[in-house]
Amino acid sequence: MFTPTHQTEMNGSFLPEEYVARRAELRAGVLGIVLFGVVMTLVIGAFLVTNQRWRSVRAEAAAVHAEYEDQKLKIQQLEALERDREVMLEKAEIVSALVEKTPRSLLMSELVSRMPPGMTMLDFRLEGKRVEAPKPEPAKTATGPRKVGTLSGSKSPVVKGKPGGAKPGAVPEAPPPREKILPPRFDHKISITGVTAVNAEVTDYLTRLNECPLLQNVDLIYIREAKIDGVFLRRFEITANLRASPPKGFGLDPASQMADVESRSAAASEKE
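Here the sequence shown is numbered in the numbering used here, starting from 129 and rising by one per residue.
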């Protein structure tokens, strides 16, 4: 039969079992507290590091947002300047369209200088007609409310109507594009009526008018016999269209024009 003394000697320790059990529980508790402290220290350290990183991210985000707002303002100013530039260009085109590109004195100088010596101009008419520009077709728009995607992935319909009745968060419609004002265009047509002695001078004059850089579509309407002050002459009518703009540099040198007129008159006199 075993006694407590024999059992203690068999376990190799003279301490009571209750004391040994309490020491084991105490060591387990201390070890648990130490592990808990280590875990909490790691958690707090991770929180502090993450918080610091979030602060730096928020600071960078604020700097990017401020830079974005600055660049957005610059873009709006640039767009406003582009709109002003387009308006100025449209006004310049309208003003240039209203300015007389071919001076009437230059036109009459060309018509008279190209006449043969024996020809007389009886009537001259200059008529201008405004050319209507084709109207642009209206832009085709899709029927039904459009849906605009948001950052969250949801789609919200665009609310049409008065601003007061729009729902909060609704995306406003873009303003319609400004209608472009087209510069006026004019088609000028001249008509020359005159008399001469022979048909050859009319043919010569028609050829010279075809060579004039200010005219195009030169055409002979008629040529027939006419009696003026008891003298039988050849009456004719010639029509032509003015070019939209004279050649570059044409009519800027009056001295060369006078020399050209004198050379033509001399050539016509020699031909006679």
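Positions of the beta carbon are idealized from the N, C-alpha and C atoms, including for glycine.
Which whole-angstrom value describes the C-beta separation of Asp347 and Val259, a residue pair presumed to lie in contact below a C-beta threshold of 8 angstroms?
For the purposes of this step, residue 347 is taken as the residue at position 219 of the sequence shown. For the purposes of this step, residue 259 is taken as the residue at position 131 of the sequence shown. About 20 angstroms separates the Cβ atoms of Asp347 and Val259, ruling out a contact at the 8 angstroms cut-off.
Per DSSP, cross-strand counterpart(s) of Lys317
Counting from one through the sequence shown, the residue named residue 317 turns up at place 189. Note: Lys317 sits in a beta bridge opposite Glu255 and Asn369.
Assuming Thr321 and Glu365 are in contact, meaning their beta carbons sit under 8 angstroms apart, how far apart are those beta carbons, in whole angstroms?
The residue given as residue 321 occupies position 193 in the sequence shown. The residue given as residue 365 occupies position 237 in the sequence shown. Contact between Thr321 and Glu365 holds: their C-beta atoms lie close to 5 angstroms from each other, under 8 angstroms.
Over what stretch of residues does the alpha helix (DSSP H) that includes Ala328 continue unbroken?
On the sequence shown, residue 328 is found 200 positions in, with the first residue counted as 1. That run of the alpha helix (DSSP H) goes Asn327 to Glu339.
Return the chain-ordered list of same chain residues with a C-beta closer than 6 angstroms to the C-beta of Asp332, the five sequence neighbours on each side being excluded.
Against the sequence shown, residue 332 aligns to sequence position 204. So the qualifying residues of the chain are Pro244.
In whole angstroms, what is the alpha-carbon distance linking Lys202 and Val177?
Position 74 of the sequence shown, counted from the first residue, corresponds to residue 202. Position 49 of the sequence shown, counted from the first residue, corresponds to residue 177. Taking the straight line joining both Cα atoms gives about 38 angstroms.
Length of the line joining the Cα atoms of Ile318 and Lys219:
Here the question's residue 318 lines up with position 190 in the sequence shown. Here the question's residue 219 lines up with position 91 in the sequence shown. Spanning the two alpha carbons is a distance of roughly 29 angstroms.
Can you look up Val227 in the DSSP assignment and give me helix, strand or coil?
Residue 227 sits at position 99 when you count from the first residue of the sequence shown. Assigned with DSSP and collapsed to three states, Val227 falls in coil, not helix or strand.
Could you check which residue in Phe175, Ala354 and Leu343 has the C-alpha nearest to that of Val326?
By one-based count along the sequence shown, residue 326 stands at place 198. Out of Phe175, Ala354 and Leu343, Ala354 has the C-alpha closest to the C-alpha of Val326.
Would Arg242 be called buried (16 or more neighbouring beta carbons within 10 Å of its own) or exposed?
One-based indexing of the sequence shown puts residue 242 at position 114. Per the 10 Å Cβ criterion, buried.
Where do the N-terminal and C-terminal ends of the beta strand (DSSP E) with Leu143 fall, by residue?
By 1-based counting over the sequence shown, the position of residue 143 is 15. Per DSSP, Leu143 belongs to no beta strand (DSSP E) and is neither H nor E.
Determine the extent of the beta strand (DSSP E) in which Glu353 is found, giving its start and end residues.
In the sequence shown, the residue the question calls residue 353 occupies position 225. Leu343 to Ile356 is the extent of the beta strand (DSSP E) around Glu353.
Classify Leu361 as helix, strand or coil using the three-state DSSP reduction.
For this step, residue 361 is matched to residue 233 along the sequence shown. Leu361 falls in the strand class under three-state DSSP.
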